[in-house]
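Everything below concerns the one structure shown next.
Protein chains: 2
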Amino acid sequence: MALPTQHDDFPGWYQEVVKQADLAENSLARGTMVIKPYGYAIWEAIQGALDLRFKQTGHENLYFPMFIPARLIEKEKEHVEGFAPEVAVVTHAGGEELAEPLIVRPTSETIIWDTYSRWIQSYRDLPLLYNQWANIVRWEKRPRLFLRTTEFLWQEGHTAHETQEEAWEETLRMLDVYRQVAEDVMAIPVHMGRKTPTERFPGAVETLTIEALMRDGKALQAGTSHYLGENFARAYGVTFLGRDGEEHFAQATSWGVSTRLVGGLIMAQGDDKGLRLPPALAPVQVVIVPIFRSDEEQARVLGAAESMATDWRERGLRVKVDTRDDLRPGFKFADHELRGVPVRVEVGPRDLDADQVTVVRRDVGGKTAVPLSGAADVLTGLMPEIQQALFDDAVAFRDANTHEVASLDDLRGAAEAGGFAVGAWCGDDACEATAKAETKATIRFLPLEREDPGASCAVCGQPGLERATWAIAY
Amino acid sequence: MALPTQHDDFPGWYQEVVKQADLAENSLARGTMVIKPYGYAIWEAIQGALDLRFKQTGHENLYFPMFIPARLIEKEKEHVEGFAPEVAVVTHAGGEELAEPLIVRPTSETIIWDTYSRWIQSYRDLPLLYNQWANIVRWEKRPRLFLRTTEFLWQEGHTAHETQEEAWEETLRMLDVYRQVAEDVMAIPVHMGRKTPTERFPGAVETLTIEALMRDGKALQAGTSHYLGENFARAYGVTFLGRDGEEHFAQATSWGVSTRLVGGLIMAQGDDKGLRLPPALAPVQVVIVPIFRSDEEQARVLGAAESMATDWRERGLRVKVDTRDDLRPGFKFADHELRGVPVRVEVGPRDLDADQVTVVRRDVGGKTAVPLSGAADVLTGLMPEIQQALFDDAVAFRDANTHEVASLDDLRGAAEAGGFAVGAWCGDDACEATAKAETKATIRFLPLEREDPGASCAVCGQPGLERATWAIAY
Chain L
1 MALPTQHDDF
11 PGWYQEVVKQ
21 ADLAENSLAR
31 GTMVIKPYGY
41 AIWEAIQGAL
51 DLRFKQTGHE
61 NLYFPMFIPA
71 RLIEKEKEHV
81 EGFAPEVAVV
91 THAGGEELAE
101 PLIVRPTSET
111 IIWDTYSRWI
121 QSYRDLPLLY
131 NQWANIVRWE
141 KRPRLFLRTT
151 EFLWQEGHTA
161 HETQEEAWEE
171 TLRMLDVYRQ
181 VAEDVMAIPV
191 HMGRKTPTER
201 FPGAVETLTI
211 EALMRDGKAL
221 QAGTSHYLGE
231 NFARAYGVTF
241 LGRDGEEHFA
251 QATSWGVSTR
261 LVGGLIMAQG
271 DDKGLRLPPA
281 LAPVQVVIVP
291 IFRSDEEQAR
301 VLGAAESMAT
311 DWRERGLRVK
321 VDTRDDLRPG
331 FKFADHELRG
341 VPVRVEVGPR
351 DLDADQVTVV
361 RRDVGGKTAV
371 PLSGAADVLT
381 GLMPEIQQAL
391 FDDAVAFRDA
401 NTHEVASLDD
411 LRGAAEAGGF
421 AVGAWCGDDA
431 CEATAKAETK
441 ATIRFLPLER
451 EDPGASCAVC
461 GQPGLERATW
471 AIAY
Chain D
1001 MALPTQHDDF
1011 PGWYQEVVKQ
1021 ADLAENSLAR
1031 GTMVIKPYGY
1041 AIWEAIQGAL
1051 DLRFKQTGHE
1061 NLYFPMFIPA
1071 RLIEKEKEHV
1081 EGFAPEVAVV
1091 THAGGEELAE
1101 PLIVRPTSET
1111 IIWDTYSRWI
1121 QSYRDLPLLY
1131 NQWANIVRWE
1141 KRPRLFLRTT
1151 EFLWQEGHTA
1161 HETQEEAWEE
1171 TLRMLDVYRQ
1181 VAEDVMAIPV
1191 HMGRKTPTER
1201 FPGAVETLTI
1211 EALMRDGKAL
1221 QAGTSHYLGE
1231 NFARAYGVTF
1241 LGRDGEEHFA
1251 QATSWGVSTR
1261 LVGGLIMAQG
1271 DDKGLRLPPA
1281 LAPVQVVIVP
1291 IFRSDEEQAR
1301 VLGAAESMAT
1311 DWRERGLRVK
1321 VDTRDDLRPG
1331 FKFADHELRG
1341 VPVRVEVGPR
1351 DLDADQVTVV
1361 RRDVGGKTAV
1371 PLSGAADVLT
1381 GLMPEIQQAL
1391 FDDAVAFRDA
1401 NTHEVASLDD
1411 LRGAAEAGGF
1421 AVGAWCGDDA
1431 CEATAKAETK
1441 ATIRFLPLER
1451 EDPGASCAVC
1461 GQPGLERATW
1471 AIAY
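Written out as structure tokens, the structure reads:
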């Protein structure tokens, strides 16, 4: 079935890409999803890139239970107010009503910091640099595959430090790890910035974010890294004997990204033909489509295709031969384009006669005849080239959709046009709320370090305090 | 704190090893555990070994929701009877009571086969060879770290096939993958066999198992692979148009191993000093303990140790330098023995003067002076040697603790002595129950293919039908 164009119906386009590319589907319990093998393979590639970098920066994985006694979650006041409306509750187990209901984790700060209170006694126990890969439940009113589901997969880092400086450095370090994976692996350019107080994680002193632009001009919060100060240490009594012989509260960070990133990848890299996968994470980087008419041709072409695939795999490429014999080549071409396979190689009897293959890039199209002897080199070279081209294309799109705004009218116009709107903000919650009410755009981020905007607030005209970036967001 | 000996108090020994080696601890909700970084790293190594082999045998990963509508689980009669007493139930979410309660998955056959009914239409859709890594909840009456916890981590494979033959081959293939990981990676010899009808997975036609012997003489079911026939296809209406133009029910298998394996590893490989980790999965294969008295010596020895570590890591070894400066070498030796690090390298000023290091194997002990220039080769060579030695030791232990039995008295004696008891069984459930009631031993497995025991039933004296292996089990 044909996709709607992105321009005509972006939500419909997204839904059809997710469905037709076999990425995910709705499941029975409201708001839950099945992540299908192709979608899960993309998530595994993202996981692998993150996990490698977590370990390179000194972190270890562990696992905390997903059931949190209700009393525990009530200890950090802002935190419980933020999450109480979204939690799922187990009231019965083992055939009996439980004496105390169990919350299914909406995030794990509470159980982790309660546990840290027993693990941390002295500065010698610090830092704790831990991460977990886990499923999370938040009851979503308007679920949407990958973007908002009641159960999703994520990682959550939870670190404890001696000093504010160390914790703040960690918060920045992990934000930069997220930026690296978004930009270098997913080919999605992101802005790093601070959230405004109203957009902070419940219980955080400061929330940092990476923000990406989708092809419909909406922004996506793609990952957050929180500086929690000593809020959770105070709530759960996590003190340690310092080098100075005094008791101190431990300093905390937490940071997470989720399967939402797969949704962001689709919307940042897709085009009217479907998904476009960056080679660094594509489960299949090169698909070989054999072209034949007779059984004799089929045997010859398939044999050659399998032999090429073996060669190219030895060169480190992820190669698949599309051996399906009930589908025509034209259908297969469209199918692999929809699935975003970076390069298609067509091989038919005439190609073999000429000792060549036909190479087609997913991102820019166009057929190129390549001598078989040099094909492995060409394909190997194409991978970083396509990776860079997708990134450059996304940067160009973002640049073309970023506008300076000096007034509420400007902001209204920019919000309607889509993209990022950059202007001055006085720092007042009220102006943030007015802009949202009038334009639906929210402040996506402020610079990591405050910058003097050198202009008056785009909303109220009072002196500008911060340079802010607005957008309508997912 | 000193460990109890295995002989004096095996449960106490186990509990202290888990605690002192920082593998896991009890968490707040009853029966749940925190898997600590060292324990989780062991699980990650097991996961990696399994996942590699799953993919090599053509399987893909995916992810199904953990919440299963209650009505769904009721469709396969044996299945619901088997699991109903163990499930946890979510009754409230998003601040409201749910119209239909949600079961937290105790295993995923129900939701997966309901979904497969929409994925499978034709023989061209088969086989489906899927696996998921997930958390599972079963309300345990007597929880025990790693062995029985209300929440645990596992993988569950769920495959669908055209024919019984294919499904049966898959059931055997995955059992053998489990055997490979147990034997080649974990160095635990296992028996592969069939479960008796009373020990089958609820809903299975045949349950295959790998069974290992722990150092206290009890058996552990370390993994199971189920041939489900068309039971789930019938319950969830999964039919396909066959090559013959007729509708058929799809044939099913499912197979799983869990974090229970970590418990099995501890109990199969441990000794009175603690854990003994096979090099193939040890998070740290070689620990360097620097020995010094003065600051000057410390600088010299630590510098040399870091340089060795870098060299050895380049040779592919996982090396850690124990730089803790508040602990004495003797404490560190015991600590790394407790944690099961396969090889300890001691380096002091006198070693450096003599251009040598002192190498100590965890499994057999004894100090060996090794010239520094050849140390990398020695250590690299030691890894497979220790791996094999641990396996051989476990085989010898199992052989020494396997006895033939010809009567209930024999079985009673064998059960008291510990280990496997092998004898004839008439095939009657009643005899199985009698043996269990009289000796606490259960039939752990029958051979994969029935063998004529050539003797009369050890319990009732009637003609023997099967060669059975009994043990008291975890």
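Chains L and D supply the protein sequences, listed in that same order.
Using the numbering used here, read the first sequence as starting at 1 and increasing by one per residue.
Using the numbering used here, read the second sequence as starting at 1001 and increasing by one per residue.
The C-beta atom is built at its ideal place from N, Cα and C for all residues, glycine as well.
Treat the numbers as computed from the prediction; the structure is a model and nothing was measured.
Residues that residue i contacts on chain L, provided the C-beta gap is smaller than 8 Å
{"i": "S1027 of chain D", "result": "F64, P65, I111, T115"}
{"i": "V1034 of chain D", "result": "L62, Y63, F64, P65, T115"}
{"i": "L1102 of chain D", "result": "A29, A88"}
{"i": "D1326 of chain D", "result": "R124"}
{"i": "N1135 of chain D", "result": "M66, A134, N135"}
Helix, strand or coil at residue i according to DSSP, with G and I counted as helix
{"i": "I1472 of chain D", "result": "coil"}
{"i": "P463 of chain L", "result": "strand"}
{"i": "A1354 of chain D", "result": "coil"}
{"i": "G1316 of chain D", "result": "coil"}
{"i": "T1483 of chain D", "result": "Examination of residue 1483 of chain D is not possible in this model, given that chain D is present from 1001 through 1474 alone."}
{"i": "H1059 of chain D", "result": "coil"}
{"i": "P447 of chain L", "result": "coil"}
{"i": "A1099 of chain D", "result": "strand"}
{"i": "E337 of chain L", "result": "helix"}
{"i": "D271 of chain L", "result": "strand"}
{"i": "P283 of chain L", "result": "coil"}
{"i": "A1121 of chain D", "result": "Here residue 1121 of chain D is Gln; the residue named in the question, Ala, does not match the sequence. The answer is coil: DSSP assigns Q1121 of chain D none of H, G, I, E or B."}
{"i": "S1294 of chain D", "result": "coil"}
{"i": "T310 of chain L", "result": "helix"}
{"i": "E1078 of chain D", "result": "helix"}
{"i": "T368 of chain L", "result": "strand"}
Buried versus exposed call for residue i [16 or more other C-beta atoms within 10 Å across all chains shown]
{"i": "Q164 of chain L", "result": "exposed"}
{"i": "P1283 of chain D", "result": "buried"}
{"i": "E1096 of chain D", "result": "exposed"}
{"i": "V364 of chain L", "result": "exposed"}
{"i": "H1007 of chain D", "result": "exposed"}
{"i": "L1052 of chain D", "result": "exposed"}
{"i": "G58 of chain L", "result": "exposed"}
{"i": "K1195 of chain D", "result": "buried"}
{"i": "R398 of chain L", "result": "buried"}
{"i": "E1211 of chain D", "result": "buried"}
{"i": "E296 of chain L", "result": "exposed"}
Partner residues on chain D for residue i, Cβ-Cβ distance less than 8 Å
{"i": "N61 of chain L", "result": "P1037, Y1040, A1041, E1044"}
{"i": "L72 of chain L", "result": "L1028"}
Within chain L, the residues that residue i reaches when beta carbons sit closer than 7 Å
{"i": "G1094 of chain D", "result": "P85, E86, W139"}
{"i": "D1410 of chain D", "result": "Correct list: empty, because the minimum Cβ distance to chain L is about 38 Å."}
{"i": "R1173 of chain D", "result": "Neighbours of R1173 of chain D on chain L: none; closest Cβ ~19 Å, over 7 Å."}
Neighbouring residues, chain D, relative to residue i (Cβ below 7 Å)
{"i": "E151 of chain L", "result": "P1065, M1066, F1067"}
{"i": "Y130 of chain L", "result": "P1037"}
| query | Taking three-plus beta-carbon pairs below 8 Å as touching, is the region 1300–1307 of chain D in contact with the region 1025–1042 of chain D? | reply | The region 1300–1307 of chain D vs the region 1025–1042 of chain D: no contact.
| Complete runs of the beta strand (DSSP E) confined to the region 1134–1210 of chain D [at least 3 residues] | 1151–1161, 1191–1194
| Three CB pairs or more closer than 8 Å across the region 1150–1160 of chain D and the region 1117–1134 of chain D | yes
| query | Per the contact definition of three or more C-beta pairs closer than 8 Å, is the region 400–411 of chain L in contact with the region 455–469 of chain L? | reply | yes
| query | Is the region 285–297 of chain L touching the region 314–324 of chain L in the sense that three or more CB pairs, one from each, lie closer than 8 Å? | reply | yes
| query | Do the region 1383–1396 of chain D and the region 1324–1334 of chain D make contact, defined as three or more Cβ pairs closer than 8 Å? | reply | no
| query | Do the region 226–238 of chain L and the region 249–267 of chain L meet, that is, are 3 or more Cβ pairs less than 8 Å apart? | reply | yes
| Does the pairing of the region 187–202 of chain L with the region 217–227 of chain L give three or more beta-carbon distances under 8 Å? | yes
| field | Sufficient close CB pairs (3 or more, under 8 Å) joining the region 11–30 of chain L to the region 1060–1070 of chain D | value | yes
| query | If you pair each beta-carbon of the region 103–116 of chain L with each one of the region 173–186 of chain L, do three or more pairs fall below 8 Å? | reply | no
| said: Please give me, in chain order, every unbroken run of the alpha helix (DSSP H) with length at least 4 that falls completely inside the region 1399–1452 of chain D. | reply: 1408–1417, 1429–1439
| task | Examine the Cβ distances between the region 1412–1429 of chain D and the region 1337–1347 of chain D and report whether three or more of them are shorter than 8 Å. | result | no
| message | For the region 1261–1277 of chain D against the region 1011–1024 of chain D, do three or more pairs of beta-carbon atoms, one drawn from each stretch, fall closer than 8 Å, so that the two count as touching? | response | yes
| field | Any beta strand (DSSP E) of 3 or more consecutive residues that is wholly inside the region 208–239 of chain L | value | 219–229
| request: Indicate whether the contact test is met: 3 or more Cβ pairs, each with one atom in the region 83–93 of chain L and one in the region 1075–1091 of chain D, closer than 8 Å. | output: yes
| request: Give a yes or no on contact between the region 262–269 of chain L and the region 115–131 of chain L, applying the rule of three or more CB pairs nearer than 8 Å. | output: no
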